[in-house]
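Following this note's numbering, the numbering of the sequence shown begins with 72 at its first residue and continues without gaps.
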Amino acid sequence: MATYAIESYLEKALPLAQQVAANADQIDEDRQMPPELAAEMADEGFFRLLLPRSFGGAELPHPDFRRILRIFAREDASVAWCLNQNNVFSTNAVRMPEQTAREIWGEPRAVVTNGPPTSAAKAVPVDGGYRLSGRWNFSSGSDHATWIAALAPVGTPEQKQDASVNRAGARILLMPKEDVRMLDLWHVHGLRGTGSFSFEVEDLFVPAARSYQPGSPPAEEGPLYKIPTTLLFGTGFATVALEVARKSLDIAIETSSRRIPRQGATLLQNQQTTHRLIGQAEATWRSAKSFLDHSADVVWDDVVHNPASPSDNRIALRLAATHAIRMAAQVVETAYNLCGSGAIFAANPIQRRFQDMHVITQHTQGSYGHYDTAGQYYLGLDPQGAF
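In C-alpha cells form, the structure reads like this:
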C-alpha cells in the first residue's frame, strides 16, 4: 500500500511541477499560486500528504514526503515552501479534538495556515471557549488556505504575556478563514509566491472544541507523530533550501559554458577560478545534503522501530537542517557571482533563487541559534532550544 501510494504521488508530482515551472513568473508576480493550480494540487491530495489516513490523508513516510518536496522545490521555492508548511501543520490533526479535525479536513480542499503571533495576541477564557484578539504574521499559503490557526497565550485582559517569546500556557485556536481579517503585508523580494500574509482578529469568539495545546500527546501511534513538529518543519525547509542551491549551481554551470567575462578571452568554464569555485560548491552542497539525509533517516528509523528518537539523534537533525540552510546559501552565493552582471536582472533564473534563498536564511529554522543548541548539548550542558 505504502509503495503504491508514493509511486502514485511521484507520478502525479512531475506534471504538476511542470505546471509550477511554467507559472513561476506569475507565482512570483502575483505572490500566490494561480487558484486553479492550487485547486488541482489540492484535488490530487498534495496538501494531505502527511495528514493521518483516519482523516482522509496519505500519511506518507517522511522520507517519501521529502522526495515529493524536492520535485517541486527544483521548480519553485515558494510552492515547495507552502507544501511543507501546510502539510506539516496537518500532522496536528492528531493533537486537536477529533470533531474539529473532521470538520476541517472533511472539506476535500482543506488547508490550514498558521503563523507566529505578535506580542498583542491573547485568548481570554469565557463560557464555552475563548475571546481571541491579536495579529499573526508569516502565514504561508494564505490564499489557498481554508482555515487559520492562531497561537495565543491564555489569560485575563490585564495580563501582559507575550506569546511570541513565552508560549507557556498558550493554546492554538482554529478559525475558518472568513472569520479573520487578512492583511497584505507580504511585500518582500524572496519567497513572494508563498503569500505569507498576516491576519488579525478582535474579540472573536472561538469555541473551546476548536482549540488545543501545542505539544499535546498525539492521539495516534504513527511514526510521523513521534517526531517533534519543529523538526518536521526544519527538515522540510532545509530540503527546499538544498534544491534551490542545486538548481542555482546547475544554472551557473550552464552559464559558464557560454559566458565570456568582459575582461576575459575565454569561456568562464575554461578558467581555473571557475574550476575551483564549482568544485568547492559541489563539495559543500553534497556534504550538507548527506548530513541532512543521514540525520533525517536516523530519526525516521528511530521512530519506526522505537518509542521515541534519542536526544542525540534529534539534536543532530536540528543541526543538520540549520547547516543545510546555511550551506545552501553559500552555494547560491557562489552560483550568483559566477553568473556575473546578468544575474541582477529579473529575467535571469538565478535572480529569483538568490532572493528566495536569502529569505529562507532569515526564517527561524535557519537561525544561527540552533548551532548554539547543538554546541550546548555536545558540551554536556542543558541544550536550550526546540529539537
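Don't be surprised by glycine CBs; every beta carbon is placed ideally from N, CA and C.
Hey, P294 and V165: beta-carbon distance below 8 Å or not? Here residue 294 refers to the residue found at position 223 when the sequence shown is read from its first residue. Here residue 165 refers to the residue found at position 94 when the sequence shown is read from its first residue. Contact: no.
Less than 8 Å between the C-beta atoms of V259 and R424, yes or no? Along the sequence shown, read from residue 1 onward, the residue named residue 259 stands at position 188. Along the sequence shown, read from residue 1 onward, the residue named residue 424 stands at position 353. Their beta carbons are not under 8 Å apart, which means V259 does not touch R424 by this criterion.
Host beta strand (DSSP E) of V183 (start-end): In the sequence shown, residue 183 corresponds to position 112, counting from 1. Element bounds for V183: V183 to G186.
If distances are taken between C-alpha atoms only, which option among N163, S269, G177 and P179 comes closest to P188? To locate residue 188, count along the sequence shown from 1; it is residue 117. When only C-alpha atoms are compared, the closest one is S269.
What runs of the alpha helix (DSSP H), each 4 residues or longer, lie entirely inside the stretch 125–201? 133–144, 148–161 and 169–176
Use the C-beta contact count for I415: other C-beta atoms within 10 angstroms, 16 or more gives buried, fewer gives exposed. Sequence index remark: in the sequence shown, residue 415 carries index 344 (1-based). Answer is exposed; the Cβ neighbour count stays below 16.
For the 8 Å Cβ check, are there 3 or more pairs between the stretch 245–262 and the stretch 86–93? no
Please state if the CB of A279 and the CB of L363 are separated by a distance shorter than 8 Å. Taking the first residue of the sequence shown as 1, we reach residue 363 at position 292. Taking the first residue of the sequence shown as 1, we reach residue 279 at position 208. No, they are not a contact pair.
Go to E273, then tell me how far its beta strand (DSSP E) extends in each direction, as first and last residue. Here residue 273 corresponds to residue number 202 of the sequence shown, with the count starting at 1. Counting along the chain, the beta strand (DSSP E) containing E273 begins and ends at F268 to P278.
Assumed close pair C410, T326 - CB separation to whole angstroms, cut-off 8 Å: Along the sequence shown, one-based indexing puts residue 410 at 339. Along the sequence shown, one-based indexing puts residue 326 at 255. With a Cβ gap of about 5 Å, C410 and T326 count as contacting.
Taking I421 as the reference, which of W176, A88 and I324 has the closest Cα? The residue you call residue 421 lines up with position 350 of the sequence shown. Cα-wise, what sits closest to I421 is I324.
Is the Cβ-Cβ distance between E271 and L256 less than 8 Å? Here residue 271 is taken as the residue at index 200 of the sequence shown, counted from 1. Here residue 256 is taken as the residue at index 185 of the sequence shown, counted from 1. No, Cβ-Cβ distance for E271 and L256 is not below 8 Å.
Just how far apart, CA to CA, sit T337 and S328? To locate residue 337, count along the sequence shown from 1; it is residue 266. To locate residue 328, count along the sequence shown from 1; it is residue 257. Rounded to whole angstroms, T337 to S328 spans 10 Å at the Cα level.
Looking at the unbroken alpha helix (DSSP H) that takes in L302, where does it start and where does it end? Taking the sequence shown and counting its residues from 1, one reaches residue 302 at position 231. First-last of the alpha helix (DSSP H) with L302: T300 to S327.
Residue nearest to C153 in terms of C-alpha spacing, selected from V403, G116, S213 and V251: Residue mapping note: residue 153 aligns to position 82 of the sequence shown, counting from 1. Answer by Cα proximity: S213.
Specify, as a first and last residue, the run of the alpha helix (DSSP H) that W356 falls within. Stepping through the sequence shown from its first residue, residue 356 is reached at position 285. Segment Q343 to H376, the alpha helix (DSSP H) holding W356.
Spell out a yes or no on whether the stretch 173–191 and the stretch 216–223 are touching, meaning 3 or more CB-CB pairs, one atom from each, closer than 8 Å. yes
Going by Cα to Cα distance, which pick from A354, I142 and A406 is closest to N419? Translated into the one-based positions of the sequence shown, residue 419 becomes position 348. Distance from the Cα of N419 is smallest, within the candidate group A354, I142 and A406, for A406.
Top-ranked residue by Cα proximity to Q284, from L313, V277 and A241: Stepping through the sequence shown from its first residue, residue 284 is reached at position 213. Closest by alpha carbon: A241.
Cα-Cα separation, W176 to F117: For the purposes of this step, residue 176 is taken as the residue at position 105 of the sequence shown. For the purposes of this step, residue 117 is taken as the residue at position 46 of the sequence shown. Roughly 13 Å separates the two Cα atoms.
Can you name, in chain order, every residue of its own chain whose Cβ lies under 8 Å from the Cβ of P378, other than the five neighbours on each side? Locating residue 378 in the sequence shown gives position 307, counting from the first residue. Around P378, the same chain offers K297 as residues with beta carbons nearer than 8 Å, after the five sequence neighbours per side are excluded.
Just grab the DSSP bridge partners of I243 for me. Within the sequence shown, the letter at position 172 stands for residue 243. For I243, which the question treats as bridged, DSSP gives the partners L222 and Y283.
A151 and F143 closer than 8 Å at C-beta: Here the question's residue 151 lines up with position 80 in the sequence shown. Here the question's residue 143 lines up with position 72 in the sequence shown. Yes; because the gap between Cβ atoms is below 8 Å, this pair is in contact.
Within the continuous beta strand (DSSP E) that includes L254, where are the two ends? The count along the sequence shown starts at 1 and reaches residue 254 at position 183. Unbroken beta strand (DSSP E) run through L254: R252 to L254.
Buried or exposed (CB count within 10 angstroms, at least 16 for buried), P454: Walking along the sequence shown from the start, residue 454 turns up at place 383. Burial of P454 is indicated by the presence of at least 16 other C-beta atoms within 10 angstroms of its C-beta.
W207 bridges to which residues according to DSSP? Position 136 of the sequence shown, counted from the first residue, corresponds to residue 207. The bridge partners DSSP lists for W207 are P188 and F270.
Would you call Y439 buried or exposed, if buried means 16 or more other Cβ atoms sit within 10 Å of its Cβ? Against the sequence shown, residue 439 aligns to sequence position 368. Counting Cβ neighbours within 10 Å, Y439 comes out exposed, since fewer than 16 surround it.
Could you tell me which of T344, A216 and S267 sits nearest to S210, measuring between CA atoms? Taking the sequence shown and counting its residues from 1, the one referred to as residue 210 is at position 139. Here the closest residue by C-alpha is S267.
C-beta contact flag for A83 and E130 at 8 Å: The residue labelled residue 83 in the question sits at position 12 within the sequence shown. The residue labelled residue 130 in the question sits at position 59 within the sequence shown. Here residue 83 turns out to be Lys, not Ala, going by the sequence shown. No, Cβ-Cβ distance for K83 and E130 is not below 8 Å.
Does the beta-carbon of M246, which I'm using as the reference point, lie nearer than 7 Å to any heavy atom of the ligand NAP? Within the structure as shown, the ligand NAP is missing, as the structure has no ligands at all.
Report back the beta-carbon spacing between A312 and I386 to the nearest angstrom; my notes put them in contact at under 8 Å. Numbered from 1 along the sequence shown, position 241 holds the residue referred to as residue 312. Numbered from 1 along the sequence shown, position 315 holds the residue referred to as residue 386. The Cβ separation is near 20 Å, so there is no contact.
Assigned secondary structure, T265 (DSSP; H/G/I helix, E/B strand, else coil): Here residue 265 refers to the residue found at position 194 of the sequence shown. In the structure shown, the three-state DSSP call for T265 is helix.
Nearest-angstrom Cα distance between M72 and R119? Here residue 72 refers to the residue found at position 1 when the sequence shown is read from its first residue. Here residue 119 refers to the residue found at position 48 when the sequence shown is read from its first residue. Low confidence applies here, because M72 scores a pLDDT of 42, under 50, leaving its location unreliable; read the following figure in that light. Going by the C-alpha atoms only, they are around 16 Å apart.
When DSSP labels each residue in this structure, what does M104 get in the three-state scheme? Looking up residue 104 in the sequence shown gives position 33. Secondary structure of M104 (DSSP, three-state): coil.
Would you kindly check if the distance between the Cβ of M112 and the Cβ of L85 is under 8 Å? Mapped onto the sequence shown, residue 85 falls at position 14. Mapped onto the sequence shown, residue 112 falls at position 41. Result no, Cβ atoms of L85 and M112 do not sit closer than 8 Å.
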